[in-house]
Amino acid sequence: MSLDTNTRNDLIFQLGDIVPSEYLLTKEEQLKPYECDGLAAYQRLPVAVALPDTIEQVQQIVKLCSQLKVPIVARGAGTGLSGGALPHEGGIILGLSRFNKIIDVDTNRQTATVQPGVRNLAITEAARPHGFYYAPDPSSQIACSIGGNVAENAGGVHCLKYGLTVQNVQQVKIVTIDGTLLTLGSETLDTPGYDLLALITGSEGMLGIIVEIVVKLLPKPHSVKVLMASFNKVEEAGNAVADIIGRGIIPAGLEMMDKPAIEAAEAFAKANYPLDAAAILLCELDGDDDQLEEQVILVEETLKSAKASHIVIAENPEDQAKLWAGRKSAFPAVGRLSPDYYCMDGTIPRKQIAYVLQKISEFSEHHGLLVANVFHAGDGNLHPLILYDANIDGELETAEHFGADILELCVKVGGTITGEHGVGHEKMDQMCVQFSDTELTQFFAVKSAFDPDSLLNPGKAIPTLHRCAELGAMHVHNGELPHPEIPRF
Ligand SMILES: Cc1cc2nc3c(=O)[nH]c(=O)nc-3n(C[C@H](O)[C@H](O)[C@H](O)COP(=O)(O)OP(=O)(O)OC[C@H]3O[C@@H](n4cnc5c(N)ncnc54)[C@H](O)[C@@H]3O)c2cc1C
216 MSLDTNTRND LIFQLGDIVP SEYLLTKEEQ LKPYECDGLA AYQRLPVAVA LPDTIEQVQQ
276 IVKLCSQLKV PIVARGAGTG LSGGALPHEG GIILGLSRFN KIIDVDTNRQ TATVQPGVRN
336 LAITEAARPH GFYYAPDPSS QIACSIGGNV AENAGGVHCL KYGLTVQNVQ QVKIVTIDGT
396 LLTLGSETLD TPGYDLLALI TGSEGMLGII VEIVVKLLPK PHSVKVLMAS FNKVEEAGNA
456 VADIIGRGII PAGLEMMDKP AIEAAEAFAK ANYPLDAAAI LLCELDGDDD QLEEQVILVE
516 ETLKSAKASH IVIAENPEDQ AKLWAGRKSA FPAVGRLSPD YYCMDGTIPR KQIAYVLQKI
576 SEFSEHHGLL VANVFHAGDG NLHPLILYDA NIDGELETAE HFGADILELC VKVGGTITGE
636 HGVGHEKMDQ MCVQFSDTEL TQFFAVKSAF DPDSLLNPGK AIPTLHRCAE LGAMHVHNGE
696 LPHPEIPRF
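Taking this note's numbering, I'd label the letters of the sequence shown as residues 216 to 704.
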């Protein structure tokens, strides 16, 4: 729904009173860079982009949009992969990129207080001289913003041991739809009342605008070892993941790559990956020296009995960085294999890895599209990269169907349709598969408690019951929708 001309003019005129003219973008060529996020298959131009740099400006913008009933899509760095920051055609993009200050690094409290536009990696860079780091490390960490990480509950290689964003955030300040500034969380371990901090984490810009964050910092581990194990069968690598965790070891990171991903990453990063392997596992262990030696022995034994054909142990930081460089650059590297790829994100119980990878390769044959798998195996968080060519008629749609089959399989084996990339615009239909109408009704109730007119990132993350009914995923008796009192958008 686009805005009527009077409201549009009124909006732009009043926004001009809130932010300086160079930070209010309204011309088509200025809006173009904001037409999509990392899920570039979907594009839309917003009415305007406002780039405030104070909390007061955010409050005024939100109040204005609330009065004029104009949708607001918050945007961090735009690296999201589920279309979460895809603009609304009748709304504004509220860009947080100018909120880029690290306010404080407090080593006594082991926290950093940061603005939402600060890059994930910049937090660790600021904490490093004090001997600390910020654990959640999405592969996009050189670019993605911490505000976007909180909004997506981002994960990364080190989240297996140290938790996702939600476990590493202590406090946030948000601006609610009426312009109020709220502080959620506390400086202590427990906070009385409902856990609104956890609710905001992963809320995909639909409940409030995050304007300040206190993240937890961890002391840098004493020692680190990285093992790379090669396998002749993908299935054996999948089983080795469950075996390692089953021995009571929680690695700092446990990642898996299959042959297409290994070949692409090796050609790109020259990480010394074995090109004859069907799959590799990268396992990072950290801790005190004694404890670490014991763990390395146990993991090596486990990998051998899981039929690893070759094991390399990287002892020094240079060799470790080289091994990780391949994994960290695997997404862009796979981009060299085909003109386009579609990155899926779903999570399964670890014991299902081998079965699900086998099914994905069957889907690949069925849909006639190749797939490369590179993922956080320890968490069961899959990232199948489906290769396609958008210039070939129908290939995007085939890739989407392939992706939908994978996500629905994740639900079937007891997993979830996202692990870290959020639902956004992309996975709305699979939400109908994951959740019942009663659960979706509760989600809408929470959304409307924060945002009664549905102005914050409307149309994302939670499908309407009507949409699910159209997909046949909700039971409709005699043509009567359950809960007719709920607005259908
Ligand atoms: C190469 C590559 C690798 C990636 N690897 C990973 C990975 O390992 N793990 C992982 O979790 N993700 C990964 N991602 C996805 C992406 O980087 C994350 O989802 C990241 O958290 C998005 O941050 P952003 O600043 O780019 O947010 P954006 O894309 O700008 O926005 C994402 C969502 O957050 C909302 N939002 C942003 N800022 C705010 C705010 N201040 N207040 C309220 N809502 C806000 C937006 O409305 C949108 O819904 C990867 C992406 C790429 C391109």
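Think of the CB as a built atom: it goes at the ideal place given N, C-alpha and C, for glycine as much as any other residue. Remember, it's a predicted structure, so these values are computed and weren't measured experimentally.
Buried/exposed call for residue i, threshold 16 Cβ in 10 Å
| i | result |
| --- | --- |
| A684 | buried |
| Y722 | Nothing can be reported for residue 722, as the shown portion of the chain is limited to 216 through 704. |
| D219 | exposed |
| K642 | buried |
| K376 | buried |
| G609 | exposed |
| S553 | buried |
| R462 | exposed |
| R343 | exposed |
| P331 | buried |
| F228 | exposed |
| E700 | Unreliable placement is indicated for E700, whose pLDDT of 49 sits below 50; no coordinate value is reported for it. |
| S217 | exposed |
| R682 | buried |
| S281 | buried |
| K242 | exposed |
| L226 | buried |
| T562 | buried |
Cβ-Cβ distance between residue i and residue j below 9 Å
| i | j | result |
| --- | --- | --- |
| H754 | V439 | One cannot answer for residue 754 here, as it falls past the ends of the chain, which runs 216 to 704. |
| I361 | R334 | yes |
| V441 | A529 | yes |
| A706 | D644 | No answer is possible for residue 706: it lies beyond the span of the chain, which begins at 216 and ends at 704. |
| Y488 | L433 | no |
| V549 | A479 | yes |
| S354 | R565 | no |
| Q385 | T326 | yes |
| I459 | G593 | yes |
| N368 | G417 | yes |
| M351 | L379 | Before going further, note that residue 351 is Pro rather than Met in the sequence given. It is a contact, given that the beta carbons lie within the stated cut-off. |
| T633 | D560 | yes |
Any non-hydrogen atom of ligand 1 within 8 Å of residue i CB
| i | result |
| --- | --- |
| N672 | yes |
| A342 | no |
| T294 | yes |
| I318 | no |
| G583 | no |
| F483 | no |
| F546 | yes |
| C280 | no |
| N454 | no |
| A256 | no |
| H303 | no |
| G394 | no |
| H636 | yes |
| H681 | no |
| A592 | no |
| N315 | no |
| R290 | yes |
Beta carbon proximity, residue i to chain C, threshold 9 Å
| i | result |
| --- | --- |
| I460 | Absent from the structure: chain C. Only one protein chain is present. |
Validate contact between the segment 420-434 and the segment 454-468 using beta carbons, cut 8 Å, 3 pairs: Touching, no, given that fewer than three Cβ pairs across the two stretches are closer than 8 Å.
Three or more C-beta pairs below 8 Å linking the segment 278-295 and the segment 670-677: With three or more CB-CB distances shorter than 8 Å, the segment 278-295 counts as touching the segment 670-677.
At least three beta-carbon pairs within less than 8 Å, the segment 263-271 to the segment 227-246: Yes: at least three Cβ pairs fall under 8 Å.
Contact between the segment 567-586 and the segment 503-514 (3+ Cβ pairs under 8 Å): No: the two stretches stay apart, fewer than three of their Cβ pairs being nearer than 8 Å.
Contact between the segment 290-300 and the segment 311-321 (3+ Cβ pairs under 8 Å): Yes, they touch.
At least 3 beta-carbon pairs within less than 8 Å: the segment 510-527 vs the segment 444-458: Counting C-beta pairs closer than 8 Å gives three or more between the segment 510-527 and the segment 444-458, which meets the contact rule.
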